[in-house]
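Participant: Its first residue numbered 334, the sequence shown is counted upward by one per residue in the working numbering.
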Amino acid sequence: MDDLFAGSLPAAEPLGDGAVLLRGRAGADAGALLAAIEAIAAVAPFRQFTTPGGREMSVAMTNAGVAGWVSDRAGYRYQGEDPLTGRPWPAMPAPFAALAREAAAEAGFAGFAPDVCLINRYRPGTKLSLHQDRDEADLGHPIVSVSLGLPATFQFGGLARTDPVRKVPLVHGDIVVWGGPARLAYHGILTLKAGEHPATGPLRYNLTFRRSG
Ligand code: SIN
Ligand code: FE2
């Protein structure tokens, strides 16, 4: 077997037209990403947003970048200040943006320049219901999603909520990229199972890189 390039680029597994799983792609950067998450959360703490319908989300969130994704009774949106502190969100670390850009290019979306990063923190028992990422002004940019810590089952469906959903196991270091014809695909995370991960203990983190405007 010719493994001259083994370890340089992971195999890209298509999840559909415009969606790709880069298995383990963030593995080498995981320690740096987790340290950066800790630094970001020290300034902009994880919190559970309320949905426009008045329910508290089970997943805790924070953001880095020029704006942050927020939710409250008034709706979902990006805003430049953290509603918890009234201060700008912490800057997105440059290595984060570089990793997201490279992953997007490997998935076929060259030139991605994310300006925001939503950070999700899952504990066992939490989940993220099927939804579309549609609060960004220009849907021509892809989404780059990095998984860290405990494993989870990612649901990836089609453009209609009722389309069949594929169940994709995601583990520490995996990156999923979706854009183009898959940009508005419904997706979600099934209820997280209990566990302990050497890097994160009883937690899963997900970073989603987006271009907000
Ligand atoms: C999201 O849809 O924002 C997060 C997906 C994930 O946690 O993998
Ligand atoms: Fe999403």
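No residue lacks a Cβ here, since even glycine has one placed at the ideal position from N, Cα and C.
Taking C-alpha atoms, which residue in SER462, GLY521, GLN412 lies nearest to CYS450?
Facilitator: Among SER462, GLY521, GLN412, the Cα nearest to that of CYS450 is on GLN412.
Participant: Three-state secondary structure (DSSP) at PRO416?
Facilitator: PRO416 falls in the coil class under three-state DSSP.
Participant: Would you check if there are 3 or more beta carbon pairs closer than 8 Å linking the segment 480–493 to the segment 419–427?
Facilitator: Counting Cβ pairs under 8 Å, fewer than three are found: no touch.
Participant: Taking the Cβ atom as the reference point for each residue, do GLY506 and GLY360 lie within a distance shorter than 8 Å?
Facilitator: Cβ atoms of GLY506 and GLY360: closer than 8 Å.
Participant: If you follow the beta strand (DSSP E) that LEU517 is in, where does it begin and where does it stop?
Facilitator: First-last for LEU517: undefined, no H or E at that position.
Participant: Tell me whether the beta-carbon of ALA433 lies closer than 8 Å to the beta-carbon of PHE442.
Facilitator: Contact flag unset, no.
Participant: Hey, how far is the Cα of GLY387 from the Cα of GLN465?
Facilitator: Looking at the two C-alpha atoms, the distance is approximately 19 Å.
Participant: Along the chain, where does the alpha helix (DSSP H) containing LEU367 start, and where does it finish?
Facilitator: That run of the alpha helix (DSSP H) goes 363–376.
Participant: Just tell me which of LYS526, LEU523, GLY490, HIS530 has its CA closest to the CA of LEU597.
Facilitator: Outside the modelled stretch of the chain, which goes from 334 to 546, sits residue 597, for which no answer is possible.
Participant: Would ALA485 pass as a contact of ASP350 if the rule is Cβ separation under 8 Å?
Facilitator: For ALA485 and ASP350, no; Cβs fall outside 8 Å.
Participant: Beta-carbon separation of THR395 and ILE452 under 8 Å?
Facilitator: It is a contact, given that the beta carbons lie within the stated cut-off.
Participant: Does DSSP classify LEU523 as helix, strand or coil?
Facilitator: Correct three-state label for LEU523: coil.
Participant: Taking PHE542 as part of the beta strand (DSSP E), name the residues at either end of that continuous run.
Facilitator: Looking at the DSSP string, the run of the beta strand (DSSP E) that includes PHE542 is 537–543.
Participant: Going by alpha carbons, who is nearest to ALA344 out of ALA436, PRO423, GLY398, GLY546?
Facilitator: Of the listed residues, the one whose Cα sits closest to ALA344 is ALA436.
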